[in-house]
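Okay, structure first, notes after.
Numbering (the working numbering), first residue to last: 121 to 386.
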């Protein structure tokens with residue numbers, strides 16, 4: 121399976137321009153099975169949405185399914201969505217989600233609602249947190265979905281008998297000033313869970329932050345398999361070797377000694 125990471129320069133509050141960017145990338149990728157997009161890739165990181173600043177979830181889903189079928193490529197990325205078709209309702213936190221979708225050319229649609237909202241930046245005032253983890257199995261590979269701030273909380277993504285997966289996907293709007301944390305946490309999640317990690321961050325800037333990317337694919341040993349050019353919009357692609365992952369887990373079964381635990385939902 122070929123997985124492409126799109127390090128996008130997101131146009132602020134301009135879904136049409138951003139969808140056009142995504143479609144342009146899809147049209148130029150001839151041999152990609154899955155395209156991973158950043159967090160809130162159609163609007164930018166909207167923390168306190170007003171009417172019209174989020175998208176109706178059903179419209180987003182239909183658009184993603186149409187793109188996936190047309191280009192025969194699965195898509196994964198997060199969107200600022202409202203569950204109500206009424207524009208005024210979008211200002212009600214309980215109606216809003218930072219929702220990460222995984223859609224396939226076969227018409228499958230999965231989603232994960234960001235659990236660890238970035239309350240320091242006001243996100244928790246504008247959105248309802250998700251309470252369920254999400255593992256998507258597609259073409260024999262198990263994908264675990266997380267969004268940005270989730271990366272800082274290892275218990276949430278800890279590999280376990282009831283939470284086993286092969287590739288962790290983290291989509292983000294991770295600012296330049298905290299770049300070292302991004303570069304540290306991605307390989308940490310790969311090493312501790314014996315999984316591939318795909319981290320896709322944006323570039324560009326909004327009214328608050330500058331983003332310089334750092335999108336990369338990480339091997340279970342912790343080294344970088346593919347990376348986008350820092351500070352530039354672009355795509356990189358890698359092919360995870362699932363047989364080598366299986367061999368590694370069999371020869372070095374560190375998960376057998378891991379602590380057993382359960383997560384108490386907030």
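C-beta atoms are modelled at their ideal positions from N, C-alpha and C, and glycine is treated no differently.
What do you get for residue i, buried or exposed, if any count of 16 or more other CB atoms within 10 angstroms of its CB means buried?
i	result
residue 360	buried
residue 148	exposed
residue 282	exposed
residue 291	buried
residue 380	exposed
residue 300	exposed
residue 227	exposed
residue 178	exposed
residue 343	exposed
residue 304	exposed
residue 349	exposed
residue 206	exposed
residue 363	exposed
residue 242	exposed
residue 341	exposed
residue 162	buried
For a test of the three-state rule: what should DSSP assign to residue i, helix, strand or coil?
i	result
residue 276	coil
residue 387	For residue 387 there is no data in the structure shown, the boundaries of the chain being 121 and 386.
residue 358	strand
residue 343	coil
residue 240	helix
residue 298	helix
residue 338	strand
residue 332	strand
residue 218	strand
residue 316	strand
Name, in chain order, the residues that DSSP records as bridge partners for residue i.
i	result
residue 124	155 and 357
residue 257	262
residue 229	223
residue 292	321
residue 283	280
residue 349	In the DSSP output, where bridge partners are listed per residue, residue 349 has none listed.
How about residue i: is its Cβ closer than 7 Å to a heavy atom in the ligand MN?
i	result
residue 245	Ligands displayed in this structure: none; no statement on the ligand MN is therefore possible.
Decide if the segment 181 to 191 is in contact with the segment 317 to 327; the criterion is three or more beta carbon pairs, one per stretch, under 8 Å apart. Taking a cut-off of 8 Å on C-beta distances, the segment 181 to 191 does not touch the segment 317 to 327, as fewer than three cross pairs fall below it.
In the segment 131 to 205, which residue ranges form an unbroken alpha helix (DSSP H) of at least 4 residues, counting only runs that do not cross its ends? Within the segment 131 to 205, the runs of alpha helix (DSSP H) at least 4 residues long that lie entirely inside it are, in chain order, 135 to 148 and 177 to 191.
May I ask you to verify whether the segment 142 to 156 touches the segment 176 to 183, counting CB pairs closer than 8 Å and requiring at least 3? In short, these stretches do not touch, since the Cβ pair count stays below three.
Whether or not the segment 191 to 209 and the segment 159 to 174 are in contact is what I'm after, with contact meaning three or more pairs of Cβ atoms, one per stretch, closer than 8 Å; do they touch? Judged by Cβ distances under 8 Å, the segment 159 to 174 makes contact with the segment 191 to 209, as three or more pairs qualify.
Are at least three pairs of beta-carbons, each pair with one atom in the segment 244 to 251 and one in the segment 214 to 231, less than 8 Å apart? The segment 244 to 251, when compared against the segment 214 to 231, does touch it at the 8 Å Cβ threshold.
With a threshold of 8 Å, are at least 3 pairs of Cβ atoms found where one atom belongs to the segment 324 to 332 and the other to the segment 307 to 315? Between the segment 324 to 332 and the segment 307 to 315 there are fewer than three C-beta pairs closer than 8 Å, too few to call the two in contact.
Do the segment 131 to 147 and the segment 265 to 275 make contact, defined as three or more Cβ pairs closer than 8 Å? Verdict: no, contact absent.
Determine, using beta-carbon pairs with one atom in the segment 249 to 268 and one in the segment 225 to 241, whether at least three such pairs fall under 8 Å. Judged by Cβ distances under 8 Å, the segment 249 to 268 makes contact with the segment 225 to 241, as three or more pairs qualify.
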